[in-house]
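Inspection log for the structure reproduced underneath, given as C-alpha cells.
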Amino acid sequence: MSRSDVIIVGGGLMGCSAAFFLRQRGRSVTLLETDLVGRQASGTNFGNVRRQGRPIDQLPLANRAIETWRKAKELLGSDVEYLQSGHMRVCYRDRPENVEKMEQYAADARQMGLDLEILTGNALRARFPFLGPEVLAGSYSPLDGHANPRLASPAFARAAKRLGAEIHENTKMVSAEKIGTDWEVRTEDGRIFRAPILLITAGAWGDKIAAQLGEPVPFATLAPTMSVTEPVPYAIAPAMGVMTPVEKETVYFRQVARGNIILGGSTRAISYPDLYRAYVLPQNTVSQLQQIRRLAPALGKLNIIRVWTGIEGYTPDSLPVMGPSGKESGLFYAFGFSGSGFQIGPGVGETMAELIDTGKTDIPLAGYDIRRFAKA
Ligand SMILES: Cc1cc2nc3c(=O)[nH]c(=O)nc-3n(C[C@H](O)[C@H](O)[C@H](O)COP(=O)(O)OP(=O)(O)OC[C@H]3O[C@@H](n4cnc5c(N)ncnc54)[C@H](O)[C@@H]3O)c2cc1C
Numbered sequence: 544m545s546r547s548d549v550i551i552v553g554g555g556l557m558g559c560s561a562a563f564f565l566r567q568r569g570r571s572v573t574l575l576e577t578d579l580v581g582r583q584a585s586g587t588n589f590g591n592v593r594r595q596g597r598p599i600d601q602l603p604l605a606n607r608a609i610e611t612w613r614k615a616k617e618l619l620g621s622d623v624e625y626l627q628s629g630h631m632r633v634c635y636r637d638r639p640e641n642v643e644k645m646e647q648y649a650a651d652a653r654q655m656g657l658d659l660e661i662l663t664g665n666a667l668r669a670r671f672p673f674l675g676p677e678v679l680a681g682s683y684s685p686l687d688g689h690a691n692p693r694l695a696s697p698a699f700a701r702a703a704k705r706l707g708a709e710i711h712e713n714t715k716m717v718s719a720e721k722i723g724t725d726w727e728v729r730t731e732d733g734r735i736f737r738a739p740i741l742l743i744t745a746g747a748w749g750d751k752i753a754a755q756l757g758e759p760v761p762f763a764t765l766a767p768t769m770s771v772t773e774p775v776p777y778a779i780a781p782a783m784g785v786m787t788p789v790e791k792e793t794v795y796f797r798q799v800a801r802g803n804i805i806l807g808g809s810t811r812a813i814s815y816p817d818l819y820r821a822y823v824l825p826q827n828t829v830s831q832l833q834q835i836r837r838l839a840p841a842l843g844k845l846n847i848i849r850v851w852t853g854i855e856g857y858t859p860d861s862l863p864v865m866g867p868s869g870k871e872s873g874l875f876y877a878f879g880f881s882g883s884g885f886q887i888g889p890g891v892g893e894t895m896a897e898l899i900d901t902g903k904t905d906i907p908l909a910g911y912d913i914r915r916f917a918k919a
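For the sequence shown, the positions run 544 to 919 when the numbering used here is used.
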C-alpha cells in the first residue's frame, strides 16, 4: 500500500497539470491513469488556446491558464509548440445580429483583461483576404493562439515527475472508499493507494466515478470531428473559427509551422467510453469540409491526409464540474469540460492545486459546483 497527500484519478491535461502544481506547493501526489497520460481528449483535441468566446466569468480562469501557456517552455522544460499567433472568430451574413453580440462580448471581455478587435468590411478583407464572401465580421484576439495537444499533458506529467510526483500509467481506479480520514483507492490490478485528498480528473469517465461516489451528473460523451490536410506554404498565423448557434456550422482551423492545416468542428459522433473508442463518421467529415469551404473557400482544394476523433464529456449546461464534492470531505472534481477544456487546462490544474492546498481560490467556481445537478 502506498500513501500520499493527494491521489489524482485521470492523467489528461487537468490531472497532469494539477499534479505539477501540487508538487510545486510541496504536496506529495500519486496520479493514476488507465491508459497513457494525455492519450484521450487532452491529446486528441484541436489545440485551440482560445480565450475569446468563453463565458465572461470563465475569463479569470482562462487568463490564469494563458500565463502558464506563455511560460510553458521554461516551466516544464519542454516545448509544447504554443504559438501566441492570435485567434479570429467570424460570423456570417445570414446572422447579422451576431455583430452586435460580438461587440457586446468585446466590451465585457475588456473589463476582464481580454482585448478584442472587431473587424468588418475592407479592414476585414485586407487583413484576412482568404475569408469567404459569406463572412460578415470578425472578432480578433491577438493574444490567443494554439499549441500541440499531443505534447502538452506528457510535458506536465514529466515535469511533475521530476518534482517527485508518482505517475502510474496503465493503472485504472476501480473503487474509492473513505476509511477514517483517508480515501482508499483500489486499482484493477489489485493495488491499494491511500490519501486524505482524492481529485477526480477523469474527463469523459468523470460522471461514472462521481456516480460511484454518490453524486451522479447528467452527461453525454461525444466525439468531435478532426481532420488534417496535406502541407502547404505557411501563411495563416491565427486560429480561426465560426460563431454560430448551429452545430454543423461550428468549424474552425489552424495552420501549423510544418504547413498542414488542422480542421475541426461541425457535427459530432457518439462515442464508446467503456471501450475507450470513438469513430469518425464519414458524413461528419463531409459536413466539416462543406462548412470549411464557406469559411475559407481555398482550403476546400486541399487533400485531407488523416482524420481522427476523441472522447469528450459534456454536461447539459456545457460548464464543467469543478470544485469540492457536495457530500464528502477531501473529495474534489474537475471533469466534464464540454469541448473547451484545452486552453483552460493549466489554469484548472493550478486552481485545483490552490484549492486543495489552501482551501480557497479567487477564481470564480460557483457555476461549476456539482450540486447544481442535484438541485435540478
Ligand atoms: C476531438 C476533440 C477536439 C477538441 N478541441 C478542443 C479545442 O480546440 N480547444 C479546447 O479548449 N478544448 C478542446 N477539446 C476539449 C478538451 O480536449 C478537453 O476538454 C480536455 O482535454 C479535457 O481534459 P481532461 O483531463 O478533463 O480529460 P482527458 O484528457 O480525457 O483525461 C481524462 C483521463 O482520465 C483517465 N481515466 C478515466 N477513468 C479512469 C480511471 N477509472 N482510473 C484512472 N484513469 C482514468 C482517462 O484514461 C483519461 O486519460 C476537444 C476535445 C476533443 C475530444
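C-beta atoms are modelled at their ideal positions from N, C-alpha and C, and glycine is treated no differently. Nothing here was measured: the structure is a model prediction, and the numbers come from that model.
#1: Please return the same chain residues whose Cβ sits closer than 7 Å to the Cβ of G555, not counting the five positions on each side in sequence.
#2: Report back the beta-carbon spacing between R594 and D725 to the nearest angstrom; my notes put them in contact at under 8 Å.
#3: Return helix, strand or coil for T828, following the three-state DSSP convention.
#4: If the criterion is Cβ atoms closer than 8 Å, does the pair V728 and G681 meet it?
#5: Following the continuous alpha helix (DSSP H) through E643, name the residue where it begins and the one where it ends.
#6: Can you tell me whether L575 sits near ligand 1, meaning its C-beta is under 7 Å from at least one heavy atom of the ligand?
#7: Pick helix, strand or coil for V678, following the three-state DSSP scheme.
#8: Which residues mark the beginning and the end of the alpha helix (DSSP H) in which D912 is found?
#9: Which of helix, strand or coil does DSSP assign to P739?
#10: According to DSSP, V728 sits in a beta bridge with which residue or residues?
#11: Classify G656 as buried or exposed, calling it buried when 16 or more other Cβ atoms lie within 10 Å of its own Cβ.
#12: So what does Y876 bridge to, in DSSP terms?
#13: Any idea which residues DSSP pairs S585 with across the strands?
#14: I'd like the span of the alpha helix (DSSP H) that includes I899, first residue to last.
#15: Just reading off the beta strand (DSSP E) that Q798 is part of, what are its end residues?
#16: Beta-carbon separation of P739 and T587 under 8 Å?
#17: If you compare alpha carbons, which of G807, D622, G892 is closest to L838?
#18: Looking only at its own chain, which residues have a Cβ that is under 6 Å from the Cβ of S788, when we skip the five neighbours before and after it?
#19: Run through DSSP, which three-state label would A753 get?
#20: For Q886, which residues of its own chain have a beta-carbon under 7 Å away from its beta-carbon, when the five flanking residues on both sides are left out?
#21: Is the region 850 to 861 touching the region 810 to 830 in the sense that three or more CB pairs, one from each, lie closer than 8 Å?
#22: Roughly how far, in whole angstroms, is the beta-carbon of F875 from the beta-carbon of S868, given that I think they are within contact range, below 8 Å?
#23: Within the same chain, show all residues whose beta-carbon is closer than 7 Å to that of A841, passing over the 5 residues directly before and after it, in chain order.
#24: Apart from the five residues just before and just after S545, which ones in its own chain have a Cβ nearer than 6 Å to its Cβ?
#25: Spatial neighbours of P639 within its chain, please: CB distance less than 8 Å, with the 5 preceding and 5 following residues excluded, ordered by chain position.
#26: Quick check: N803 and E773, are their CB atoms within less than 8 Å of each other?
#27: Beta-carbon within less than 6 Å of L565's beta-carbon, same chain only, minus the 5 sequence neighbours each way: which residues are those?
#28: Would R705 be called buried (16 or more neighbouring beta carbons within 10 Å of its own) or exposed?
#29: So what does DSSP say about E709, is it helix, strand or coil?
#30: Buried or exposed: N827, going by 16 or more other Cβ atoms within 10 Å of its Cβ?
#31: Taking the DSSP output, what are the residues bridged to M769?
#32: Going by C-alpha distance, which of G596, G892, R915 is nearest Q647?
#33: For M631, which three-state DSSP category applies?
#34: Let's test the definition: count the other Cβ atoms within 10 Å of the Cβ of A700 and tell me whether it reaches 16, buried, or not, exposed.
#35: Report yes if the C-beta of Q755 is less than 7 Å from at least one heavy atom of ligand 1; otherwise report no.
Let's see:
#1: For the purposes of this step, residue 555 is taken as the residue at position 12 of the sequence shown. So the list reads G581, Q583, A584, S585, S696, T744, G746, once near-sequence residues are dropped.
#2: What you label residue 594 is simply residue 51 of the sequence shown in a count that begins at 1. What you label residue 725 is simply residue 182 of the sequence shown in a count that begins at 1. Not really, about 39 Å apart at Cβ, beyond 8 Å.
#3: By 1-based counting over the sequence shown, the position of residue 828 is 285. In this structure, DSSP gives T828 a helical state, which the three-state scheme calls helix.
#4: Along the sequence shown, read from residue 1 onward, the residue named residue 728 stands at position 185. Along the sequence shown, read from residue 1 onward, the residue named residue 681 stands at position 138. Not in contact: V728 and G681 (Cβ atoms no closer than 8 Å).
#5: Numbered from 1 along the sequence shown, position 100 holds the residue referred to as residue 643. Per DSSP, the continuous alpha helix (DSSP H) segment holding E643 begins and ends at 640 to 654.
#6: The sequence position of residue 575 within the sequence shown is 32, counting from 1. Because some heavy atom of ligand 1 lies under 7 Å away, the Cβ of L575 counts as near it: yes.
#7: Here residue 678 refers to the residue found at position 135 of the sequence shown. Three-state result, V678: strand.
#8: In the sequence shown, residue 912 corresponds to position 369, counting from 1. Looking at the DSSP string, D912 is not in any alpha helix (DSSP H), and its letter there is neither H nor E.
#9: The residue given as residue 739 occupies position 196 in the sequence shown. In the three-state DSSP reduction, P739 falls in the coil class, being neither helix nor strand.
#10: For the purposes of this step, residue 728 is taken as residue 185 along the sequence shown, with counting starting at 1. Beta-bridge pairing links V728 to A719, F736.
#11: By 1-based counting over the sequence shown, the position of residue 656 is 113. With fewer than 16 other Cβ atoms within 10 Å, it is exposed.
#12: Mapped onto the sequence shown, residue 876 falls at position 333. Partner(s): I743, G866.
#13: In the sequence shown, counting from the first residue as 1, residue 585 sits at position 42. Beta-bridge pairing links S585 to no other residue.
#14: Within the sequence shown, numbered from 1, the residue matching residue 899 stands at position 356. Bounds of the alpha helix (DSSP H) holding I899 are 888 to 901.
#15: Position 255 of the sequence shown, counted from the first residue, corresponds to residue 798. Element bounds for Q798: 794 to 798.
#16: Against the sequence shown, residue 739 aligns to sequence position 196. Against the sequence shown, residue 587 aligns to sequence position 44. P739 places its beta carbon 8 Å or farther from that of T587.
#17: For the purposes of this step, residue 838 is identified with residue 295 of the sequence shown, where counting begins at 1. Each of G807, D622, G892 was checked against the Cα of L838, and the nearest Cα belongs to G807.
#18: Within the sequence shown, numbered from 1, the residue matching residue 788 stands at position 245. Before going further, note that residue 788 is Pro rather than Ser in the sequence given. Within the same chain, P788 has no close Cβ partners at all.
#19: Residue numbering aside, residue 753 sits at position 210 when the sequence shown is read from its first letter. Reduced to three states, the DSSP call for A753 is helix.
#20: Along the sequence shown, read from residue 1 onward, the residue named residue 886 stands at position 343. Contacts found: N591, V592, R593, R594, A605, A608.
#21: The region 810 to 830 is in contact with the region 850 to 861.
#22: Position 332 of the sequence shown, counted from the first residue, corresponds to residue 875. Position 325 of the sequence shown, counted from the first residue, corresponds to residue 868. About 7 Å; that satisfies the 8 Å criterion.
#23: As a first step, residue 841 is located in the sequence shown; it is residue number 298 there, counting from the start. F673, listed in sequence order.
#24: Here residue 545 is taken as the residue at index 2 of the sequence shown, counted from 1. These residues qualify, in order along the chain: F736.
#25: One-based indexing of the sequence shown puts residue 639 at position 96. Taking P639 as the centre and dropping the five residues before and after it, the same chain places the C-beta of L679 closer than 8 Å to its C-beta, in chain order.
#26: Looking up residue 803 in the sequence shown gives position 260. Looking up residue 773 in the sequence shown gives position 230. Against a cut-off of 8 Å, the Cβ pair of E773 and N803 comes out as a contact.
#27: Walking along the sequence shown from the start, residue 565 turns up at place 22. If we look at L565 and ignore the five residues flanking it on each side, its Cβ neighbours are V549, V572, A896.
#28: Taking the first residue of the sequence shown as position 1, residue 705 is located at position 162. It counts as exposed.
#29: Counting from one through the sequence shown, the residue named residue 709 turns up at place 166. Secondary structure at E709: strand, using DSSP grouped into helix, strand and coil.
#30: Indexing the sequence shown from 1 puts residue 827 at position 284. Classified as buried, N827 has 16 or more neighbouring CB atoms from the shown chains inside 10 Å of its CB.
#31: Counting from one through the sequence shown, the residue named residue 769 turns up at place 226. Per DSSP, G807, W851.
#32: In the sequence shown, the residue the question calls residue 647 occupies position 104. When only C-alpha atoms are compared, the closest one is G596.
#33: Reading the sequence shown from its first residue, position 88 is the one you call residue 631. Three-state result, M631: strand.
#34: For the purposes of this step, residue 700 is taken as the residue at position 157 of the sequence shown. Counting Cβ neighbours within 10 Å, A700 comes out buried, since at least 16 surround it.
#35: Residue 755 sits at position 212 when you count from the first residue of the sequence shown. Not one heavy atom of ligand 1 is found less than 7 Å from the C-beta of Q755.
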